[in-house]
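So the structure is just underneath, and the comments pick up after that.
Numbering (our numbering), first residue to last: -14 to 479.
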């Protein structure tokens, strides 16, 4: 049952990534200490010192993290220019390999001090996908000092705070907490790509296998920075509300300036309210807003209501020419219901009435217009087998419609465990029915099968997907994955 309470571095990116890859584990080791005794102390004093050292002993430095490997295999169709003015379809085989390393070092001798790092490297095994055959970049890498009063971070990070929803910067952030339940969160730094990064898809073939790509980062441009903050009030688990400001600059020009508000209210165990708004101050228009109200009637019934507003054009930087290509606004009002009539059966449903507002051109100029639509989702999930190693089967229906066009989807799936071995298999089948006379076909069929193995340390598996849609004569995709979680504690005790 699903419930929804809801510095600038003058360095080349690959070099920066390599430095962090090798330096970070070293920083986590801490400093080795050695002791020597000049004279033999009094036995009673020695016993007392030994007792105090045991009671006051600090945790040994430790590093924990994970290694994740992904290899994707797919066949895609694309248009290629065979001669000037003439294009032909071709099948493109794509096989990129990614390695992601995540590290955290703590207990470094100062209470609340820790180091966090995640880096990604990609190799284009067929030399047709990435901008360079090898790319590498740190996703985040920062030093953190955290206690009951302050949370300070310095380095590369992603920020989710008020109007900043996934903001990626190289800079600093500091959050202050007060006994009066008030807090202040502030941050500033250079923007990290993909906002200003290179293209992922290459235009020309690269001959040198060992040529480093720039990864996701391009620090050659000046004036791409972000600054913002949030003032908030938080009281236990009952309320968390705040007001925030965010300024994004592109080449020293204002790309976006947002005023945001957010609220999470849980006055009782049976009710929760989540809401947010973001106003674009450059146009004084509402960029996006949402409100979600949930009622929990015991452990078996959840009733919800929601409202959403999105103006897609305001998500594009003001400095981009694409910001003028859309004047459409999306609105949705609806509700949801989730029930558990018996212990192993869950039924969920949601409905949204959609309103599309835009300016329509006619002989007299631009006039306001509106189109209606709907979105429907319904699923039934049944659990089977032992609760410690359960499987499930599901069947569902979905519909998205606008004006005279619609897509209806029938979906069937199952998760099958193989006892307590940690091996599971997943099967999914999707059939889409298109109500659009402009398409050559009216039906799309997709299916996937996965086999994977999970333990507390290892996650590995393979997925294969294939099908046919009105937009593609054949879709073939596959993925192999392997992940390993580890922890290492460094202690001077023999």
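A virtual CB, placed ideally from N, CA and C, is assigned to each residue, including glycine.
- Rounded to the nearest angstrom, the Cβ distance from residue 97 to residue 131 is 5 Å, consistent with a contact under 8 Å.
- Going by DSSP, residue 90 is part of the beta strand (DSSP E) stretching over 81 to 91.
- Listed in chain order, the beta strand (DSSP E) runs fully inside the segment 126 to 174 are 135 to 146 and 149 to 162, counting runs of at least 3 residues.
- A straight-line Cα-Cα distance of about 44 Å links residue 389 and residue 110.
- A check of alpha carbon separations from residue 443 across 210, 472 and 238 identifies 472 as the nearest.
- Setting aside the 5 residues that flank it on each side, residue 174 is surrounded in the same chain by -8, 154, 155, 156, 157, 210 and 211, each with a C-beta closer than 7 Å to its C-beta; the list follows chain order.
- Here the alpha carbon of residue 441 sits roughly 44 Å from the alpha carbon of residue 240.
- By the criterion of a C-beta distance shorter than 6 Å, residue 249 is surrounded in its chain by 225 and 259, once the five residues flanking it on both sides are discounted.
- For residue 106, the closest of 177, 394 and 121 by C-alpha to C-alpha distance is 121.
- Per DSSP, reduced to three states, the secondary structure at residue 300 is helical.
- Non-local beta-carbon contacts of residue 400 in its own chain, meaning distances under 7 Å to residues more than five positions away in sequence, involve 376, 377, 409 and 411 in chain order.
- Around residue 82, the same chain offers 56, 108 and 110 as residues with beta carbons nearer than 6 Å, after the five sequence neighbours per side are excluded.
- Fully enclosed beta strand (DSSP E) runs of no fewer than 3 residues occupy 256 to 265 of the segment 249 to 281, in order along the chain.
- When beta bridges are read from the DSSP output, residue 415 appears opposite 396 and 431.
- A distance of 8 Å or more separates the beta carbons of residue 463 and residue 445.
- The Cβ atoms of residue 407 and residue 439 sit closer than 8 Å to each other.
- If you draw a straight line from the Cα of residue 318 to the Cα of residue 275, it comes to about 10 Å.
- The Cβ-Cβ distance between residue 289 and residue 321 falls below 8 Å.
- Collapsing the DSSP output to three states places residue 424 in coil.
- A distance below 7 Å between beta-carbons, with the five flanking residues on each side excluded, links residue 341 to the following residues of its chain, in chain order: 313, 315, 355, 356, 358 and 387.
- A Cβ-Cβ separation of about 43 Å leaves residue 332 out of contact with residue 302 under the 8 Å criterion.
- Closest option to residue 269, judged by alpha-carbon separation, among 244, 257, 256 and 128: 244.
- Taken through DSSP and simplified to helix, strand or coil, residue 111 comes out as coil.
- Closest option to residue 277, judged by alpha-carbon separation, among 324, 416, 165 and 291: 291.
- Around the beta carbon of residue 369, fewer than 16 other beta carbons lie within 10 angstroms, which makes this residue exposed.
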